[in-house]
Structures are given as structure tokens and as C-alpha cells.
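Below is one structure; the comments refer to it alone.
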Amino acid sequence: MAESKQYYIGVDVGGTSVKLGLFDEEGDLLGKTSVPTPSLACGEGHAAVIGGIEQLMAGVQQPMLFVRGIGLAVPCPVPASGVITMAANIEIDAPALKEALEVRCPHALVRYVNDANAAAMGEVWRGSAQGHRSMVMVTIGTGLGGGVVVNGDVIDGAFGAGGEIGHICVNPAEERACGCGLHGCLEQYASASGVVNNYLRVCEERGVEPVELVGPSDSRSVFDAARAGDETALAAIDVAMDYLSLGLQIISAVVDPEVYVLGGGASASADMFLDSLRAKYEARAFPASRATAIEVASLGNDAGIFGAAYVALRAAAREV
Numbered sequence: 016m017a018e019s020k021q022y023y024i025g026v027d028v029g030g031t032s033v034k035l036g037l038f039d040e041e042g043d044l045l046g047k048t049s050v051p052t053p054s055l056a057c058g059e060g061h062a063a064v065i066g067g068i069e070q071l072m073a074g075v076q077q078p079m080l081f082v083r084g085i086g087l088a089v090p091c092p093v094p095a096s097g098v099i100t101m102a103a104n105i106e107i108d109a110p111a112l113k114e115a116l117e118v119r120c121p122h123a124l125v126r127y128v129n130d131a132n133a134a135a136m137g138e139v140w141r142g143s144a145q146g147h148r149s150m151v152m153v154t155i156g157t158g159l160g161g162g163v164v165v166n167g168d169v170i171d172g173a174f175g176a177g178g179e180i181g182h183i184c185v186n187p188a189e190e191r192a193c194g195c196g197l198h199g200c201l202e203q204y205a206s207a208s209g210v211v212n213n214y215l216r217v218c219e220e221r222g223v224e225p226v227e228l229v230g231p232s233d234s235r236s237v238f239d240a241a242r243a244g245d246e247t248a249l250a251a252i253d254v255a256m257d258y259l260s261l262g263l264q265i266i267s268a269v270v271d272p273e274v275y276v277l278g279g280g281a282s283a284s285a286d287m288f289l290d291s292l293r294a295k296y297e298a299r300a301f302p303a304s305r306a307t308a309i310e311v312a313s314l315g316n317d318a319g320i321f322g323a324a325y326v327a328l329r330a331a332a333r334e335v
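Following this note's numbering, the numbering of the sequence shown begins with 16 at its first residue and continues without gaps.
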């Protein structure tokens with residue numbers, strides 16, 4: 016039987032699957048599993064998550080009593096109180112799920128964290144921001160998410176809106192509404208959907224037929240076109256980096272992080288924009304912040320489970 020020690024579970028609740036990871040105190044990933052995302056507002060869904068944890072603990076031949084912390088990364092605001100009041104994208108009864116986990120793992124502290132904030136904490140613990148006390152995670156997916164870490168702690172905010180960098184206003188003159196209802200949000204230009212919108216607008220302005228796109232957030236096709244020398248695609252990416260560099264400049268004037276870490280699906284195409292982003296940021300940043308590093312995330316899709324487990328580990332350490 017494996018040596019007894021404390022274990023931490025990271026749970027990353029996504030739209031199609033719930034990913035679970037088992038970690039030791041050193042941050043070593045000991046096992047992973049996933050289940051199709053159930054409704055987390057009922058006992059059946061809670062049992063599915065608990066079943067995943069049981070499977071992971073069975074893999075290291077340890078009882079559930081040795082689970083010391085469980086972190087749950089969820090796609091909704093999580094205020095400093097930990098009480099979730101807004102969960103538009105998932106079905107969840109957060110207090111009931113927490114209670115079910117605590118009954119099955121009686122020695123575990125259970126903590127919720129926003130999924131983008133969890134990814135940020137994961138990169139701090141074992142990713143591209145390891146060794147840094149402050150960082151900002153920029154998640155470039157269908158939308159533009161973010162996570163802010165200061166002095167080793169994620170900034171969740173009084174109302175759970177800490178790190179919502181995609182909704183910094185970078186263009187007050189914009190007439191189109193963002194998905195949040197505001198206008199001129201960074202997300203409208205620098206997310207995967209934003210890159211596609213930029214591209215279609217440039218194509219229309221230049222009278223150019225766009226390449227075939229498989230959906231409204233298919234930035235990969237735009238990046239591939241740019242890689243092949245498509246001038247309209249290159250111009251669309253340049254627009255995205257203009258706005259993203261402006262957003263980072265604003266963040267630096269408030270947070271002044273040691274490093275920015277770029278994650279999300281579009282970060283896989285960083286070869287097409289990283290040098291440009293760095294140059295644009297340096298040109299417009301406050302002089303004291305011009306040297307801020309901009310790196311690409313290294314944990315990929317595992318960042319959420321790493322970060323969720325780390326949040327639980329840190330909470331458990333404070334209880335000692």
C-alpha cells in the first residue's frame with residue numbers, strides 16, 4: 016500500500032466534462048479522470064463528482080479520509096465570501112455539493128474558485144508563473160477571461176468580478192454590444208471571437224472573400240490564413256494585439272504584475288502574435304512597467320485542476 020499522506024483534489028467544471036485531478040502536497044499530479052458534466056443541482060450529479068474522487072483515491076490505494084482539500088473551479092463569479100450567487104452557465108447547488116463532499120471526505124476543506132482564477136493559480140503553482148508572487152492570466156478563448164494573483168493570492172473581489180479583464184472598456188465609441196451588454200469591451204476584439212470579428216470586418220472593408228470558417232470563434236482558421244501570408248488575416252490579428260496591449264497597459268497601471276501568462280485555445284497560435292504583443296505593450300506601457308514579461312501558459316487544459324487543488328491546499332494550510 017502506498018505511504019499515507021495528505022491529498023488534494025482539483026475539480027474543473029466545464030461545459031461538457033468535469034475534470035478531476037489528484038495531487039500531493041508537493042504539487043505532483045498523481046492521477047486524472049473526467050465525467051460528463053451532470054447537473055450539479057441534484058444528488059445524482061453530486062454522486063458523479065464523488066465517484067470521480069473515489070476512483071482517484073482507489074488509484075493510490077488510499078481511503079477518502081486522507082483527502083485534505085477539494086477545490087472546485089466553476090465558470091461563474093465566486094466572491095471572497097465563497098458564496099455563489101450567480102451561475103448562468105451551469106446548473107449547480109453549490110452549498111449542497113459542498114455538503115455532500117464534506118460528508119464523504121470528512122477531513123477535507125472544500126473551496127470554490129472561478130475557473131479563470133483557478134487557471135491562474137495553477138500556472139503560479141506549477142506552470143509558467145512558477146516562482147512569481149504576482150501575475151495576470153489572460154485566457155484567450157471564445158471570450159477573454161483573466162485571473163489576477165497578488166502576493167500569491169488570487170484576487171476574487173467583493174462580488175466575484177476580480178479578474179474580469181475581458182470587460183475592460185478599450186473603445187468607448189464602439190456601437191456593437193458585448194455579450195455582457197456593455198460596449199467596447201476588450202473581449203470584443205482580443206478573444207477568439209474577437210479575432211474572427213476583426214477579420215470579417217477587414218475582409219468587408221477591403222472587398223475580400225474570407226476563408227472558410229467553422230464557427231464564430233474559429234480563430235484558428237484566421238491564424239492559419241495569416242501564417243500562409245493572408246494580409247487581411249494579418250491585419251485582423253494586428254487589431255487584436257493593439258487592443259490587447261492597451262488592456263495590459265491598463266492592468267499594469269493598477270496591478271503592476273511580474274508576468275502576464277497567456278492561456279486558452281488561441282494561445283496555441285502565439286507564434287503569430289506574441290512578438291507583436293510584446294512590442295506593442297512595451298511601446299505604450301508606463302515606463303516602470305515596460306519590462307513586464309509576457310509568456311505562454313504551460314499547463315494547457317490541466318491548469319484548472321492544478322489551480323483548484325492549490326486553492327484547497329492553501330486554505331488547508333491556513334487552518335493548521
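No residue lacks a Cβ here, since even glycine has one placed at the ideal position from N, Cα and C.
Measure the beta-carbon distance from residue i to residue j and round it to whole angstroms, keeping in mind my assumption that it falls under 8 Å.
i: residue 269; j: residue 308; result: That pair is no contact at about 18 Å.
i: residue 155; j: residue 232; result: No, residue 155 and residue 232 are not in contact; Cβ-Cβ is about 10 Å, not under 8 Å.
i: residue 105; j: residue 94; result: With a Cβ gap of about 16 Å, residue 105 and residue 94 do not count as contacting.
i: residue 247; j: residue 296; result: Rounded, the Cβ-Cβ distance is 24 Å, inconsistent with contact.
i: residue 126; j: residue 330; result: 5 Å
Express the C-alpha separation of residue j and residue i in angstroms, rounding to a whole number.
i: residue 201; j: residue 188; result: 13 Å
i: residue 141; j: residue 45; result: 14 Å
i: residue 2; j: residue 51; result: This structure leaves residue 2 out entirely; the chain is present only between 16 and 335.
i: residue 216; j: residue 323; result: 39 Å
i: residue 17; j: residue 78; result: Caution applies to residue 17, whose pLDDT of 47 falls short of 50 and renders its modelled position unreliable; the value that the coordinates give is listed next. Cα-Cα distance, rounded: 11 Å.
i: residue 321; j: residue 208; result: 27 Å
i: residue 336; j: residue 115; result: Since the first and last residues shown for the chain are 16 and 335, residue 336 lies out of range.
i: residue 165; j: residue 147; result: 9 Å
i: residue 41; j: residue 153; result: 26 Å
i: residue 63; j: residue 107; result: 13 Å
i: residue 136; j: residue 319; result: 8 Å
i: residue 160; j: residue 183; result: 11 Å
i: residue 65; j: residue 326; result: 19 Å
i: residue 198; j: residue 175; result: 21 Å
i: residue 61; j: residue 192; result: 37 Å
i: residue 74; j: residue 67; result: 11 Å
i: residue 353; j: residue 48; result: Residue coverage of the chain in this structure runs from 16 to 335, which leaves residue 353 outside it and unanswerable.
i: residue 196; j: residue 262; result: 19 Å
By a C-beta neighbour count over all protein chains shown, 10 Å radius and 16 as the cutoff for buried, is residue i buried or exposed?
i: residue 87; result: buried
i: residue 118; result: exposed
i: residue 122; result: exposed
i: residue 238; result: buried
i: residue 163; result: buried
i: residue 80; result: exposed
i: residue 20; result: exposed
i: residue 130; result: buried
i: residue 138; result: buried
i: residue 230; result: exposed
i: residue 227; result: exposed
i: residue 96; result: exposed
i: residue 243; result: exposed
i: residue 132; result: buried
i: residue 28; result: buried
i: residue 260; result: buried
i: residue 25; result: buried
Spell out whether any CB of chain D is found under 8 Å from the CB atom of residue i.
i: residue 191; result: Of the protein chains in this structure there is only one, and it is not chain D.
Say whether the region 274 to 292 touches the region 309 to 323, bearing in mind that this needs 3 or more beta-carbon pairs closer than 8 Å, one atom from each stretch. yes
Unbroken stretches of the alpha helix (DSSP H), 4 residues or longer, contained in the region 191 to 249: 202 to 205, 207 to 221 and 234 to 242
Decide if the region 283 to 299 is in contact with the region 251 to 258; the criterion is three or more beta carbon pairs, one per stretch, under 8 Å apart. yes
In chain order, what are the residue ranges of uninterrupted beta strand (DSSP E) at least 3 long that sit wholly in the region 266 to 322? 274 to 278 and 308 to 311
Whole beta strand (DSSP E) runs in the region 31 to 72 with 3 or more residues, listed along the chain? 32 to 38 and 44 to 51
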